[in-house]
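**Q** Residue numbers (the numbering used here): 24 to 210.
Take a look at this one; I'll ask things after.
Next up, the structure:
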């Protein structure tokens with residue numbers, strides 16, 4: 024398998040098709056709806072894909088956004104679109120891809136990394152250094168049309184990097200954290 028990192032907006036048509044086919048295994052599109060590529064391009068920094076021949080076996084996107092929280096600005100990074108081909112699960116591919124993404128995020132000088140996941144996946148992401156942020160709600164979408172993680176039953180994962188974020192980590196626990204990305208989107 025080959026691990027590739029690429030900016031989503033520069034992905035070749037073949038790579039896009041391979042990744043969309045993989046994502047369809049986890050999030051089948053609505054009938055007749057075109058698959059978005061990617062959603063809010065302004066928040067996508069880069070993506071990682073494990074290729075097995077011409078087929079995508081695992082994928083993870085890294086997104087970024089400057090957020091305001093508790094009166095401070097933070098360079099926030101998160102994972103999105105993490106998926107492993109059904110026949111390749113439980114072989115370490117997911118952990119390989121999120122560890123590559125975590126290393127990349129760490130190189131960017133972030134303040135904090137935040138994203139959502141199903142509660143049963145918190146241990147998986149914990150193996151790559153994130154922890155559950157108790158009682159927190161990540162709010163995507165827009166101010167006019169918020170898209171809340173608590174309404175979806177999702178856990179919020181966090182990793183604090185900068186001195187400021189570590190010092191103010193208590194501001195994040197149990198709080199609403201607004202991403203303000205695009206309507207209907209959440210990391």
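Ideal Cβ placement from N, Cα and C applies to all residues, glycine included.
Under 7 angstroms between the Cβ atoms of residue 99 and residue 155?
**A** No, they are not a contact pair.
**Q** Roughly how many angstroms lie between the CA atoms of residue 28 and residue 77, to the nearest whole one?
**A** Looking at the two C-alpha atoms, the distance is approximately 15 angstroms.
**Q** Of the choices 133, 50, 79, whose alpha-carbon is the least far from that of residue 37?
**A** Among 133, 50, 79, the Cα nearest to that of residue 37 belongs to 79.
**Q** Between the Cα of residue 168 and the Cα atoms of 181, 209, 159, which residue gives the shortest distance?
**A** When only C-alpha atoms are compared, the closest one is 209.
**Q** Is residue 151 closer than 7 angstroms to residue 192 when the C-beta atoms are compared?
**A** Their beta carbons are not under 7 angstroms apart, which means residue 192 does not touch residue 151 by this criterion.
**Q** Can you look up residue 75 in the DSSP assignment and give me helix, strand or coil?
**A** Looking at residue 75 - three-state DSSP - the assignment turns out to be strand.
**Q** Pull the bridge partners of residue 184 from the DSSP assignment, please.
**A** In DSSP, residue 184 forms no bridge with anything.
**Q** Secondary structure at residue 109, three-state DSSP: helix, strand or coil?
**A** In this structure, residue 109 counts as helix in the three-state DSSP scheme.
**Q** So residue 169 is in the beta strand (DSSP E); what residue range does that whole segment cover?
**A** Start and end: 169–171.
**Q** Grab the span of the alpha helix (DSSP H) containing residue 39 for me, first residue to last.
**A** Residues 36–49.
**Q** Of the residues 25, 174, 163, which one's Cα is nearest the Cα of residue 103?
**A** Out of 25, 174, 163, 163 has the C-alpha closest to the C-alpha of residue 103.
**Q** How many angstroms separate the CA atom of residue 143 from the CA atom of residue 46?
**A** Residue 143 and residue 46: Cα-Cα distance of roughly 19 angstroms.
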